[in-house]
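Remarks on the structure that follows.
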Amino acid sequence: MNKKITTQSIIAFARNNLIILGIFILAIITSFVEPNFLTVGNLQNIMRQFGPLIMLSLGMTFIIMGGFIDLSVGGIISLVAVVTVSLIDPIGQVAALMVGVVIGLICGLLNSFLIIKGGAFKQSEALFLTYGMSVVFTAVALIYTAAAPVFLTYSKTDYSIFTAIGERFVGPVSVSFIIFLVCLLILYIIESRTHIGRSICLTGGNMTAARLAGIPTEKTIVFIYAVSGIMAAIGAVVLASRVTIASPIMGKGYETQAILAVVVGGTALLGGKGSVLRTVIGTLLIIMMSNCLNLLGVTTYIQYMLRGAILILAIWLDNRKQYSEGN
Amino acid sequence: MNTKITEPIKNIFSAQKAPIAMLLIFITMLFFKTPFYTRYNLIDLINSNSTLLIVAMGFTVVLVAGGVDLSVGGVMTVSGIIAIKLINSGVSIPVAVLVSILFGAAIGAINGYLTVYQNTEPFIITLGMGVLLTGVAQELTTARPISGENPAFQNLANYKLFGVVPALVLVMIVTVIVVVWLLRSTSFGRNCYAIGGDYEVAKYSGINVLPTKTLTFVISGVTAAIAGVMLSSWVNSGNSTYGDQTALYIASAVVVGGTSFAGGIGGAFKSLLGVMFIGILSNAFNMLNIDSYIQQLLVGLFIVGIIWLDCYARKVKRETV
Amino acid sequence: MDKNHSDPILEIKEVSKAFPGVKALDRVSLEVFRGTIHGIVGENGAGKSTLMKILSGVYQKDSGEIFFDGNKIEDITPVQSMKMGLSIIYQELNLVNTMTVGENVFLGRFSEMGGRKEVHAKARVLLDSIGCKIDTEKEVSELSVSDKQMIEIAKALSFDSKLIIMDEPSSSLTADEMQELIKIIHDLKNKGISIIYITHKLDEIFNFCDVVTVMRDGHVIATRNIDAISRNEMISMMVGRTIENEYPPRPNSVGEMILEVEDINTKLLKNVHFNLKKGEILGFVGLVGSGRTETVRALFGADKVKKKSIKVDGKFVNINNPIDAIKNGLAMVPEDRKIQGLLLQFSVDKNISLASLGELTYYGFINEKKERDISERQIKALNVKTPSGKTRIQLLSGGNQQKAILGRWLELKPKILVLDEPTKGIDVGAKYEIYLLMKKIVEEGGSIILISSELPEVLNMSNRVITICNGRITGEFDPLLASADEIMAKAFEF
Amino acid sequence: MNKFKLLSILMLIAVMLSACGGGAAATEAPAEGGNNTLVFIPGSASNPSQAFGFKMFQKHAAEYNFDVSMLDGKADVAEQTKAINNAVAQGADVIIVNPNDALAIVPAMKAAQEAGVVVGIFMAAAAPGDSTFFVAVDDKQAGGVVVQGILDLFPDGATGVEIGGQAGHPAAIDRHDGFTTALADHPEIKVLDYQNPQQWDAAMAQAIAEDMVTKYGDEIQFVFCHWDNGATGVINALKAAGMEDVLVFGVDGNAVAFEQVQSWKNYNSIGQNVETIAMKSMEIANLFLAKDASAKFDNIVPFDLITKDTFGNFTPPEW
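Protein chains in written order, with the numbering used here: chain A, 394 to 720; chain B, 7 to 327; chain C, 208 to 701; chain D, 312 to 630.
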């Protein structure tokens with residue numbers, strides 16, 4: 394009897410924490426096959442590779458929780474990255490970083506302006522508006538640099554602050570990871586404790602009812618897109634600082650990765666339910682998967698197949714879990 | 007008096023943006039001395055958009071029934087590669103084409119099973135399927151283009167009927183006619199509208215919602231596979247990079263055409279107009295020699311503009327009740 | 208009719224159905240005779256809907272037998288039941304809004320009917336037969352609720368139904384449309400078609416039903432001929448206890464002016480003006496779509512208006528959105544509970560605290576302890592039956608959901624409370640509780656604007672009644688002095 | 312619905328009218344001002360080397376009597392095929408293509424040649440008959456140069472890794488094939504791992520490099536990355552691991568390469584001089600237009616090997 398309960402509770406635990414379980418299994422297999430997996434160097438690797446995607450995913454979590462979607466983050470990354478890197482020489486590192494974040498904010502506000510003025514309160518409407526905006530942002534980035542990449546010329550300028558974001562470590566922890574922790578903390582507090590955080594969930598749950606009960610739904614939309622824009626900009630800065638070269642199409646594909654990370658983490662695509670903490674786990678799975686498969690020597694082609702298959706599996710199993718809970 | 011004239015015009019503008027915008031392009035191009043209005047260009051315009059149109063047809067069926075299929079690009083790529091590989095290894099063309107199409111149908115069935123029977127979010131599942139298929143395509147080709155070795159395969163798309171009409175266009179026209187007929191005049195098609203319009207009602211009205219909705223994914227897989235085979239025949243090669251950007255392109259073109267993502271609204275003919283609109287837009291830009299980055303900017307603005315106007319029209323309608 | 212009485216079209220014998228944790232039907236037996244109008248009444252959760260869904264094949268019964276038209280029914284699907292001649296007109300209308308009238312009539316039977324042209328031609332014939340003139344090419348979304356009801360009836364007729372079940376058809380019909388429906392029901396009866404008529408409105412049972420069955424808690428309490436049962440008897444059977452009155456005594460605590468509304472103008476509304484006094488219940492009488500809901504939505508800032516002027520406590524106020532309205536002491540329980548009121552997937556706590564969220568917030572942070580206090584207080588004060596505050600509100604019954612929404616607003620102690628159809632789809636017991644609550648609110652100095660499709664409710668609860676028709680205020684009455692007919696005449700003054 | 316039909320019919324009529332009005336395919340448009348028209352069709356206008364290529368065509372157009380314009384291949388074979396057909400419709404005299412896929416655009420190029428257009432392939436090799444000519448560095452030769460460079464530094468052989476270019480891209484395929492072929496004669500050089508990123512994306516190259524560094528550590532003595540921007544990512548990965556001695560090879564010879572040659576201890580770039588290739592393309596095109604018998608199909612432009620010793624001899628390009 395006692396034993397039965399424990400097996401049941403193990404199954405229940407496994408069901409509720411499928412993704413974490415998946416990450417563990419992946420890590421265990423990899424560490425057996427490739428001992429270098431569990432080295433400090435590799436963990437630091439994962440930490441840095443984690444940086445750019447997690448920032449976007451955190452922002453995307455708020456968007457999806459609010460019942461919307463943002464495909465423009467790819468374009469925002471490209472635009473912010475090229476502008477920031479190109480401005481370091483003329484206006485200095487700190488100022489350039491600030492300009493980058495402000496551009497992200499402006500892009501986000503632009504999105505929310507279009508959505509609110511157009512009354513595009515359905516997820517699908519927002520999807521296409523932001524897709525179009527992504528094309529626009531990318532085009533602006535292309536026009537801005539005339540398609541040429543922007544890179545750092547160490548011989549001429551001091552880049553220590555800028556490159557520190559992507560390269561440096563404080564103790565065993567990378568600077569980008571610290572930035573991530575700070576963002577996570579802030580966003581988590583917003584999500585769980587504040588009025589605006591609750592408003593996001595409520596807007597995602599039932600926008601009409603929330604509005605009629607005095608929840609400032611339009612302000613909420615502005616807020617989530619602004620956050621998404623800022624987080625995309627921070628992601629762009631981390632990314633650019635990591636690879637030290639910015640191209641006007643470098644953000645391509647990040648939006649779908651971010652959406653997958655959010656949904657795989659367990660945030661409902663339909664809105665109203667979710668958490669930035671879940672997104673951290675979802676993103677971790679995606680990053681770990683590529684790290685582990687690289688270490689296992691799997692070709693990128695098969696990696697893509699596996700990535701698709703695992704994502705489908707994760708979503709399907711998670712869905713089954715929720716389905717059985719619903720009954 | 008005045009409103010009697012302006013109302014219908016207003017209605018046309020609010021309801022039929024893609025055709026209006028298209029007409030505007032046609033009119034605008036009259037004022038520029040470009041080769042836009044040549045038989046060669048217009049036939050090419052239709053020919054080169056044919057594969058996209060074929061994909062858009064199946065995509066529309068899924069949308070009408072309230073689903074979405076973002077794996078069409080992946081299906082296209084892989085089925086084209088399968089056709090080329092089979093033909094190169096000596097399989098007869100009809101069999102190879104059939105296998106490719108069956109492959110598309112099978113992927114559609116998997117998408118359908120997962121989203122309809124297992125009740126998952128089609129947007130995410132088919133997105134994941136697209137990633138998976140990209141990997142399959144790369145593995146099949148080791149990421150190198152493979153060339154068709156049987157010259158007869160090229161005729162599938164490139165044969166010129168009466169010396170003018172490319173076979174690809176013919177296949178496209180047949181697909182369009184079949185899908186238009188399917189959606190407008192068969193009980194399957196009408197059931198799709200019912201399912202997309204109101205799933206519960208359709209269910210209680212005795213429509214077999216699960217198989218019907220699953221079938222829409224199969225149709226989407228089949229049209230994507232046909233498009234993939236035709237693309238491979240058209241360019242006589244297969245490569246994992248084909249169809250990379252197809253899904254969102256088609257999705258926005260179809261939505262610009264007036265088929266709703268919410269399901270139940272729209273149709274194959276509207277999708278045709280939507281795809282042709284974006285095709286004509288970029289063709290006109292090319293003919294006018296507009297800088298390619300500016301083109302990209304303008305296309306983005308057009309998509310945003312048309313969809314925004316649509317949303318805005320609905321908002322105004324909602325608010326003036 | 209006597210001959211018919213010996214010949215049942217439908218026999219239900221000892222049917223039971225259990226859901227996890229609930230015995231929805233417990234050995235229910237029922238006979239419906241040919242050519243009769245058979246009313247079924249019962250509170251929500253009495254098992255009426257479950258029974259109907261078993262009949263139509265949406266659910267499968269656990270045990271028991273059902274005979275329809277002499278045949279035993281076993282494991283039937285919705286289509287099969289329709290084809291056998293058993294149609295249901297559901298409470299939530301069963302139409303696809305994005306499709307045309309004709310196609311809705313023959314939904315799922317497009318090819319059987321022989322394509323588009325035939326579908327529309329045949330639908331035309333059916334609609335004509337019930338005197339309905341709607342264009343079959345029209346999209347259903349453009350139709351009024353009553354028109355939709357007609358289409359449902361046409362759909363039922365299209366199956367050559369022998370028995371039509373109507374699940375609360377009148378809940379969104381106007382009196383006029385109701386007359387039309389009654390006429391059609393009688394026509395159907397004359398054609399030998401039996402009707403099962405499910406309703407909350409006891410008047411309707413007495414007006415045109417032949418037989419009535421009362422259900423409660425999954426049991427059939429009694430089946431009687433209509434002349435063998437009194438109204439009070441019926442009510443006490445339904446609730447399992449005697450209720451002296453359906454309505455509490457009318458409150459009488461009207462004080463000075465609190466709200467003056469002038470000149471609300473929208474596409475529909477024309478110079479709507481009215482006022483409200485402290486401690487008053489002001490009733491709005493009008494058809495669905497007459498502008499009564501639109502008026503209060505405009506007042507509450509939920510819709511955009513061309514022009515309006517509102518004075519609260521003698522001061523002009525600017526209300527552009529619900530937030531402004533709440534700040535000025537207004538509160539609104541909206542018309543459609545599920546769509547406009549509830550956040551179904553959220554807990555009872557979060558649903559109750561919703562409107563007070565601003566007051567619970569300090570420097571942007573929510574004080575969660577206070578939030579729980581509020582919720583607990585309201586759950587207790589309003590007697591909301593829920594396992595805990597953390598339960599998802601979706602799982603509560605309609606009456607308890609409505610009480611939770613009321614609690615949401617009462618926490619703010621609003622000066623003016625707008626109740627739009629507060630008792631729609633709620634059983635008799637819970638209704639009475641809500642009436643008592645309204646009485647308490649006005650006695651404590653609040654004011655209420657009450658909108659309801661149920662005329663008796665408005666007349667019995669209000670201190671003053673305003674009629675509204677076609678976007679205009681057409682009259683003002685003291686319900687104690689005016690007759691129901693007089694008031695209805697004004698409500699139809701186009 | 313009726314309005315909808317009406318509009319569609321109107322549009323159809325418009326198309327019909329214009330189809331009748333227009334002449335047959337690609338009438339030889341009389342060149343304005345005596346100049347021939349040249350349409351440049353890059354694989355993607357967003358690709359920096361191609362964007363720079365177009366600038367070079369523009370810069371030198373007058374010298375070769377061309378009017379130059381660009382149509383974007385949008386990183387998609389169907390789009391590039393469309394662009395080629397559009398160029399033919401415009402009556403281009405010369406079409407210069409940088410292919411997304413060497414095979415897929417062959418039917419379109421053949422059709423263009425049949426219409427009398429001179430079709431040149433830019434910065435990639437081609438099979439005879441598919442195009443009129445091509446001008447490129449020999450990407451296959453690049454592999455040999457890399458092997459030579461490795462042997463110069465490690466005469467006894469070495470171990471290292473290869474990071475490819477965009478999966479499926481012709482240049483990436485040729486560079487990999489050339490490298491593999493050249494290695495066949497040198498068993499003392501061992502390639503531990505080879506991976507293709509999905510795009511020409513430095514971040515992807517960096518992630519792959521980081522994981523390779525983790526896996527192989529000091530076994531990595533050289534890295535061959537198919538493009539200089541990707542090599543930036545590789546260098547970042549090496550820097551983070553403190554592996555400052557590793558020899559890194561890139562291809563392109565763009566501005567980034569010049570920076571890296573100076574800042575990294577052992578960095579060599581196999582430069583392809585885009586400006587030269589562009590000028591050469593126009594020169595050859597003119598020969599074909601003049602039906603000059605000396606015009607050759609294959610035109611190989613030599614590499615500029617950019618190393619610490621040689622970078623002074625070149626001017627860094629603008630891309």
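A virtual CB, placed ideally from N, CA and C, is assigned to each residue, including glycine. None of the values given here were measured: they were computed from a predicted structure.
Coarse secondary structure for G80 (chain B), derived from DSSP in three states: Three-state DSSP puts G80 (chain B) in a helix.
Where the beta strand (DSSP E) containing G425 (chain C) begins and where it ends: Run containing G425 (chain C): none; DSSP gives neither H nor E here.
I406 (chain D) to G354 (chain D) span [Cα, whole Å]: 13 Å
Inter-stretch contact (C-beta, 8 Å, three-pair minimum) for the stretch 444 to 457 of chain D and the stretch 380 to 393 of chain D: no
Buried/exposed call for P341 (chain D), threshold 16 Cβ in 10 Å: Unreliable placement is indicated for P341 (chain D), whose pLDDT of 45 sits below 50; no coordinate value is reported for it.
Enclosing alpha helix (DSSP H) for L489 (chain C) [first to last residue]: Counted as a single uninterrupted DSSP element, the stretch harbouring L489 (chain C) is not any alpha helix (DSSP H) but the beta strand (DSSP E) occupying residues 488 to 492.
Cβ separation of G561 (chain D) and D539 (chain D), assumed to be a contact under 8 Å, to the nearest whole Å: 4 Å
From A:L699, A:L578, A:F570, residue whose alpha carbon lies closest to that of G559 (chain A): A:F570
Straight-line gap, I99 (chain B) to G434 (chain A) (C-alpha atoms, nearest Å): 53 Å
C-beta contact flag for T587 (chain A) and G493 (chain C) at 9 Å: No. Outside cutoff.
For D539 (chain D), the first and last residue of its enclosing beta strand (DSSP E): Looking at the DSSP string, D539 (chain D) is not in any beta strand (DSSP E); the run it does join, the alpha helix (DSSP H), is 539 to 551.
Inter-residue Cα distance where the pair is G72 (chain B) and S516 (chain C): 44 Å
Where the alpha helix (DSSP H) containing F311 (chain D) begins and where it ends: What the structure shows of chain D is the stretch from 312 to 630, and residue 311 (chain D) is not part of that stretch, so it cannot be assessed.
Cβ-based neighbour list, I183 (chain B), same chain, cut-off 6 Å, excluding 5 preceding and 5 following: none
Simplified DSSP state of R150 (chain B), which is helix, strand or coil: coil
Exposure of Y569 (chain C), with buried meaning 16 or more beta-carbon neighbours within 10 Å: exposed
Proximity test, Cβ basis, 9 Å: V388 (chain D) and chain B: yes
4 or more residues per run - each alpha helix (DSSP H) lying fully within the stretch 414 to 492 of chain A: 433 to 458, 466 to 484
Ordered list of beta strand (DSSP E) runs contained in the stretch 604 to 629 of chain A, each at least 3 residues: none
Cβ neighbours of S157 (chain C) in the same chain (closer than 6 Å, five flanking residues each side left out): Any answer about residue 157 (chain C) is impossible in this case: the structure gives chain C only from 208 up to 701.
V61 (chain B) beta carbon less than 9 Å from that of M82 (chain B): Yes, Cβ-Cβ distance for M82 (chain B) and V61 (chain B) is below 9 Å.
Per DSSP, cross-strand counterpart(s) of T430 (chain C): C:T420
Three-state secondary structure assigned by DSSP to S351 (chain C): coil
For T229 (chain B) and M63 (chain B), believed in contact at Cβ under 8 Å, the rounded distance: 5 Å
Contact set between D504 (chain D) and chain A, taken where Cβ atoms lie within less than 8 Å: G690
Stretch-stretch touch, CB-based, cutoff 8 Å, three pairs: the stretch 573 to 591 of chain A with the stretch 636 to 650 of chain A: no
Simplified DSSP assignment, three categories, for K686 (chain C): A small correction: the amino acid at residue 686 (chain C) is Pro; Lys does not occupy that position in the sequence shown. Three-state result, P686 (chain C): coil.
Interface residues of the stretch 287 to 314 of chain C facing chain B [CB-CB below 7 Å]: M289, N301, L302, V303, N304, T305, M306, E310, L314
Cβ-Cβ separation, V428 (chain D) to A447 (chain D) (assumed contact under 8 Å), whole Å: Actually they are not in contact, since the Cβ atoms of A447 (chain D) and V428 (chain D) sit about 20 Å apart, beyond 8 Å.
Any chain C beta carbon closer than 9 Å to C594 (chain A): Chain C contact via Cβ: present.
Contact list for T546 (chain A) against chain D, beta-carbon separation under 9 Å: A566, E570, S574
Contacting positions in the stretch 611 to 635 of chain C - beta carbon closer than 7 Å to chain A: R615
Neighbourhood of S266 (chain B) by C-beta distance below 6 Å, restricted to the same chain and skipping five residues each side: G272
Between the CA atoms of L632 (chain A) and G444 (chain A) - distance to the nearest angstrom: 7 Å
Members of the stretch 371 to 385 of chain D near chain B, C-beta cut-off 9 Å: S380, M381, L382, D383, K385
Validate contact between the stretch 415 to 423 of chain C and the stretch 252 to 260 of chain C using beta carbons, cut 8 Å, 3 pairs: yes
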